[in-house]
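Quick note: UniProt numbering has the sequence shown finishing at residue 578, numbered continuously throughout.
Note that CB positions come from ideal geometry on N, CA and C, so glycine has one too.
Below: the structure, in C-alpha cells.
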Amino acid sequence: MKTLMTGNEAIARGAYEYGVSVAAAYPGTPSTEILENIVKYPEVYCQWSPNEKVAMEVGIGAAIAGARVITAMKMVGVNVAADPLFTVAYTGIRAGLVLVSADDPGMHSSQNEQDNRLYAAFAKIPLLEPSNSQEAKDMVGLALEISETFDTPVMIRITTRIAHSQSLVELNDPLERLVKTYERNPRKYVMLPGNGRARRLVVEERMLKLAEYSETVAVNKMELQDQSIGIITSGISYQYVKEALPTASILKLGLTNPLPSGLIKEFAAKVDKLYVVEELEPYIEKEVRLLGINVIGKELFPPYGELSVRMVSEKISGQPGITVAPAFDSPIRPPVMCPGCPHRGVFYTLKQLKLVVSGDIGCYTLGAMAPLEAIDTTICMGASISAGLGMIKAHPEMAENMVAVIGDSTFLHSGITGLMDVVYNGGNLTTIILDNSITAMTGHQDNPSTGKTLMGQPAPQVDFVALCRALGVKRITEVDPFDLETVKEIIKTEVAVPEPSVIIARRPCALIIKNTEKPLQVQDCKGCKMCLKLGCPALSFDEENKTAQVDQALCTGCGLCINVCKFNALRKSGDDNV
C-alpha cells in the first residue's frame with residue numbers, strides 16, 4: 001500500500017519497519033516530527049532528551065548494548081552532539097546507529113545556516129541524502145545495514161524541503177525487532193589514548209572499504225539522456241534539476257560520504273559539460289575538482305539559501321523556469337508572540353526599564369521584534385546566561401543594568417551550566433527564566449519540567465527553585481508575568497543586588513491552556529496607542545476614528561493590555577458600562 005508522507009513521517013516509518021528499538025532526540029525544526037511520529041509505533045521506545053548531546057549518548061549506549069537506534073536533531077543540534085559523535089566514529093557500535101541531521105537552507109527557523117555534510121566528512125562517517133519521502137524511509141534501512149556492516153554510525157542528512165514536503169511511500173511489514181546480547185569489549189569501547197590510537201587506524205581502513213562500496217551501491221547511479229549536459233547532484237537539489245532540465249544526464253548521489261570517485265570520473269567522461277548542483281557549501285564540487293575534473297558549480301549557484309527550479313533552469317539553460325503566480329499578493333506578516341503569550345509582559349517591562357538583555361533561542365527571541373525591541377543579543381541555545389556573564393566581566397558596571405532571559409526548556413537544555421558558572425565565578429547577573437510549562441517554539445513538546453514523557457508516561461517534574469538553589473543561587477523569586485507592576489519592581493530590585501539572582505516568570509503557554517476568558521472590549525478610547533506597545537496581534541488602531549480595536553477572534557482575554565491602559569478604555573466583557 002502507498003500513502004502520502006512527509007520526509008519526517010517516512011523516516012519514522014523506516015525506523016518502525018527496519019527494526020529500530022530505541023529513538024532519542026531533542027525537538028528542533030525541521031526535525032521535530034520524526035520522534036513525534038515514531039511515538040505512534042509503541043514497539044519503539046522513544047524519548048525527548050534534555051539536549052542533543054544527551055540524545056546522542058543515549059543512542060550510543062543503546063547501540064553498543066545491541067539495539068538498533070535512531071537519533072534526530074536539527075543541524076545546529078549536531079554542534080551540541082559533536083563530542084560523542086566524533087568518538088563513536090572511533091568505537092563503532094554493536095547494532096545499527098543512525099543520526100538524522102535536518103539542515104535548514106534559507107534559515108526558515110534557525111539562527112545560522114550550516115551544511116552538515118561537512119560534519120560527516122569531518123567525523124569520517126557515511127552520509128546518506130534522500131531526495132524524497134520514499135528514499136527517506138528506505139535510507140533508514142540502508143543506513144542501519146551500512147552501520148552494522150561497517151561498524152560505524154551513519155548520518156542521514158535531510159533538509160527542510162525533504163522533512164516537510166509529501167510524496168508517496170510504499171508501506172511494508174516491519175522486520176522482527178531483535179536486540180543483540182551485550183558483549184563486553186573495553187579495548188573497543190573505552191577511549192583511552194592507547195585504545196583510541198588503535199581505533200583511529202580502524203576508521204581509515206573503514207573509509208577505504210566504504211569508498212569501494214560507494215562505487216556500487218544502488219543509491220549512487222547515472223541517469224543518461226542528453227549527454228551535452230551532465231549534472232552531479234543529491235538530495236532535494238535532484239528534484240529541482242529533474243524539473244528544470246528533464247532531458248539532462250544526471251549522476252544522482254545518495255551516498256555522499258565517501259563519494260564514488262570512479263563513478264564520478266566515468267560520468268564526467270560521458271558528458272560534454274559538467275555541472276554540480278547542490279545547496280549551501282561546494283561539498284561535492286570540491287571533491288570533483290580534487291579528481292582533476294573541470295566542473296561548473298558555485299560560479300553559478302550561491303553558497304547560501306535555497307535553490308529552486310527557476311534558478312537551476314536560468315543558470316544552466318538560460319531559460320526562465322516555470323513559476324506559478326500566487327492567487328493573490330499576501331501581506332508581509334512579521335513573526336510576533338501569540339495573543340495571550342506570557343512572555344509579552346516581561347519584555348514590555350524590560351524595554352521600559354531600558355535594560356541590556358542577553359537573549360536566547362525560543363519563542364521569547366521574538367522579544368527582539370518591534371514594538372518590544374527588548375533583546376540585545378541571541379547567539380545559541382543556552383548562551384544567554386554565559387554571554388551575560390561575559391558582558392559583565394568585560395564591563396562590571398553593566399551588572400546594574402542587564403539581565404539574561406531564557407526559557408524553561410532551553411534552561412534545561414544548556415542553561416544550567418551557564419548559571420552554575422555565574423555563581424562559581426562571582427557574576428552578579430540576574431537571570432529571568434520564562435517558564436511557560438512546555439517546549440513551545442517547536443510545537444509543544446514535553447520536557448523534564450512538564451511532568452510527562454514523550455510516550456505519555458507521568459514523570460517527576462524539575463523544581464526550578466530547588467535546582468537554582470542547588471547551583472548556589474540564594475536570591476530566587478517567582479512572579480506572574482502578567483502582574484506588570486510586581487514584575488517591574490522585582491526586576492529593579494534584583495538587578496541592583498550585587499550577587500547572582502534568578503526570577504522565575506511562570507505562566508503556561510497560551511496555546512496549551514483552555515482559556516475561558518471572553519475577548520476584551522474597548523470603550524471611550526483616548527487614542528494614546530499605549531496598548532499597541534505590547535505588540536499583541538489582537539490589538540490594532542483605527543486611524544479614522546482614532547481608537548484602539550480588539551480582534552475578537554484573536555483576543556484571549558488575558559487582560560495584559562488593561563494594565564497598560566491609563567484611561568480604563570480596555571475592559572473585560574461584563575464589566576460595568578461595557
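1. Between Thr87, Gly92, Val54 and Pro50, which lies nearest to Ala65 when the distance is taken from Cα to Cα?
2. Are there three or more Cβ pairs, one per stretch, closer than 8 Å when the stretch 200 to 210 is compared with the stretch 261 to 276?
3. Starting from Leu274, trace the alpha helix (DSSP H) in both directions and tell me its first and last residue.
4. Assuming Ser234 contacts Ile162 under a Cβ cut-off of 8 Å, what Cβ separation, rounded to an integer in Å, is found between them?
5. Would you list the residues sitting across from Val357 in a DSSP beta bridge?
6. Looking at Met73 and Ser31, is the spacing between their C-beta atoms short of 8 Å?
7. What's the gap between the Cα of Arg469 and the Cα of Tyr213?
8. Around the C-beta of Asp83, are 16 or more other C-beta atoms found within 10 angstroms, so that it is buried, or is it exposed?
9. Using a 10 Å radius around the Cβ and a threshold of 16 neighbouring Cβ atoms, would you call Glu485 buried or exposed?
10. Would you mind reading off the limits of the beta strand (DSSP E) that contains Tyr45?
11. How about Glu52 and Val80: are their beta carbons less than 8 Å apart?
12. Please go through the same chain and pick out, in chain order, the residues whose beta-carbon is closer than 8 Å to the beta-carbon of Lys2, but skip the five residues on each side of it.
13. Given 8 Å as the limit, is there contact between the stretch 519 to 535 and the stretch 439 to 452, that is, 3 or more CB pairs closer than that?
14. Taking the straight line between their C-alpha atoms, what separation do you get for Val312 and Lys298?
15. Determine the closest residue to Ile232 out of Ser249, Val403, Leu429 and Ile406, with distance taken between C-alpha atoms.
16. Please state if the CB of Leu511 and the CB of Cys338 are separated by a distance shorter than 8 Å.
17. At 4 residues or longer, and completely inside the stretch 13 to 61: list those alpha helix (DSSP H) runs for me, N to C.
18. Taking Phe482 as the reference, which of Cys558, Lys351, Ala399 and Leu290 has the closest Cα?
19. Which first and last residues belong to the alpha helix (DSSP H) in which Ser237 is found?
20. In whole angstroms, what separates the C-alpha of Val76 from that of Ile379?
21. Name the residue from Leu118, Glu57 and Pro126 whose alpha carbon lies nearest to the alpha carbon of Pro258.
22. Provide the residue(s) that pair with Ala72 in DSSP beta bridges, ordered along the chain.
23. Can you look up Gln549 in the DSSP assignment and give me helix, strand or coil?
24. List the DSSP bridge partners of Val169.
25. Whole angstroms is fine: what's the gap from Thr71's alpha carbon to Asp551's?
26. Quick one: grab the DSSP three-state call for Ala82.
27. Judging by CA-CA distance, which residue of Lys188, Ile158, Gly19 and Glu543 is the nearest neighbour of Thr29?
28. For the beta strand (DSSP E) holding Arg506, just list the boundary residues, first then last.
29. Considering Thr152, what are the terminal residues of the beta strand (DSSP E) in which it resides?
30. Between residue 662 and Ser133, is the Cβ-Cβ spacing less than 8 Å?
31. Answer yes or no: do Ala123 and Ala95 have a C-beta to C-beta separation smaller than 8 Å?
32. I'd like to know whether the C-beta atoms of Tyr16 and Pro174 end up nearer to each other than 8 Å.
33. So what does Ala248 bridge to, in DSSP terms?
34. Give the DSSP-derived three-state secondary structure of Gln319 in the structure shown.
35. Could you say if the stretch 174 to 190 and the stretch 217 to 225 meet the contact criterion of at least three C-beta pairs nearer than 8 Å?
36. Could you say if the stretch 415 to 432 and the stretch 495 to 505 meet the contact criterion of at least three C-beta pairs nearer than 8 Å?
Taking the geometry as given:
1. Working through the sequence shown from its first residue, we reach residue 65 at position 65. Each of Thr87, Gly92, Val54 and Pro50 was checked against the Cα of Ala65, and the nearest Cα belongs to Gly92.
2. As far as the Cβ criterion goes, the stretch 200 to 210 does not touch the stretch 261 to 276, which means the pair count is below three.
3. For this step, residue 274 is matched to residue 274 along the sequence shown. From DSSP, Leu274 is part of no alpha helix (DSSP H) but of the beta strand (DSSP E) over Lys273 to Val277.
4. Counting from 1 along the sequence shown, the entry for residue 234 is found at position 234. Counting from 1 along the sequence shown, the entry for residue 162 is found at position 162. Contact doesn't hold; Cβ gap of about 11 Å is too wide.
5. By 1-based counting over the sequence shown, the position of residue 357 is 357. Val357 is bridged to Val403.
6. Walking along the sequence shown from the start, residue 31 turns up at place 31. Walking along the sequence shown from the start, residue 73 turns up at place 73. In contact: Ser31 and Met73 (Cβ atoms closer than 8 Å).
7. Taking the sequence shown and counting its residues from 1, the one referred to as residue 469 is at position 469. Taking the sequence shown and counting its residues from 1, the one referred to as residue 213 is at position 213. If I take the Cα positions, the gap works out to 55 Å.
8. Position 83 of the sequence shown holds residue 83. It counts as exposed.
9. Here residue 485 is taken as the residue at index 485 of the sequence shown, counted from 1. That one is exposed.
10. Position 45 of the sequence shown, counted from the first residue, corresponds to residue 45. Boundaries of the beta strand (DSSP E) harbouring Tyr45: Tyr45 to Trp48, taken from the DSSP string.
11. Along the sequence shown, one-based indexing puts residue 52 at 52. Along the sequence shown, one-based indexing puts residue 80 at 80. Yes, the pair counts as a contact, with Cβ atoms nearer than the cut-off.
12. On the sequence shown, position 2 is the one that residue 2 refers to. If we look at Lys2 and ignore the five residues flanking it on each side, its Cβ neighbours are Leu168, Val169, Glu170 and Leu171.
13. no
14. Mapped onto the sequence shown, residue 312 falls at position 312. Mapped onto the sequence shown, residue 298 falls at position 298. For Val312 and Lys298, the distance between alpha carbons rounds to 12 Å.
15. By one-based count along the sequence shown, residue 232 stands at place 232. Checking every option, the nearest Cα to that of Ile232 belongs to Ser249.
16. As a working mapping, residue 338 is identified with position 338 in the sequence shown. As a working mapping, residue 511 is identified with position 511 in the sequence shown. Their beta carbons are under 8 Å apart, which means Cys338 touches Leu511 by this criterion.
17. 33 to 38
18. The residue given as residue 482 occupies position 482 in the sequence shown. With distances taken between Cα atoms, Phe482 lies closest to Cys558.
19. For this step, residue 237 is matched to residue 237 along the sequence shown. That run of the alpha helix (DSSP H) goes Gly235 to Ala244.
20. In the sequence shown, residue 76 corresponds to position 76, counting from 1. In the sequence shown, residue 379 corresponds to position 379, counting from 1. Each residue's Cα considered, the two are about 12 Å apart.
21. Your numbering for residue 258 matches position 258 in the sequence shown. Of the listed residues, the one whose Cα sits closest to Pro258 is Pro126.
22. Counting from one through the sequence shown, the residue named residue 72 turns up at place 72. According to DSSP, Ala72 bridges with Ala25 and Val100.
23. By one-based count along the sequence shown, residue 549 stands at place 549. Reduced to three states, the DSSP call for Gln549 is strand.
24. In the sequence shown, the residue the question calls residue 169 occupies position 169. Paired residues: Thr3.
25. Taking the first residue of the sequence shown as position 1, residue 71 is located at position 71. Taking the first residue of the sequence shown as position 1, residue 551 is located at position 551. Going from the Cα of Thr71 to the Cα of Asp551 covers about 43 Å.
26. As a working mapping, residue 82 is identified with position 82 in the sequence shown. Three-state DSSP puts Ala82 in a helix.
27. Locating residue 29 in the sequence shown gives position 29, where the first residue counts as 1. The residue among Lys188, Ile158, Gly19 and Glu543 with its C-alpha nearest the C-alpha of Thr29 is Ile158.
28. Position 506 of the sequence shown, counting from 1, holds the residue named residue 506. Start and end: Ser501 to Arg506.
29. If you number the sequence shown from 1, residue 152 lands on position 152. Premise fails: Thr152 is in no beta strand (DSSP E) and is neither H nor E.
30. Past the edges of the chain, shown from 1 to 578, lies residue 662, and the structure says nothing about it.
31. By one-based count along the sequence shown, residue 123 stands at place 123. By one-based count along the sequence shown, residue 95 stands at place 95. Cβ atoms of Ala123 and Ala95: not closer than 8 Å.
32. Against the sequence shown, residue 16 aligns to sequence position 16. Against the sequence shown, residue 174 aligns to sequence position 174. Result yes, Cβ atoms of Tyr16 and Pro174 sit closer than 8 Å.
33. Within the sequence shown, the letter at position 248 stands for residue 248. Bridge partners of Ala248: Asp226.
34. The residue you call residue 319 lines up with position 319 of the sequence shown. Coil.
35. no
36. yes
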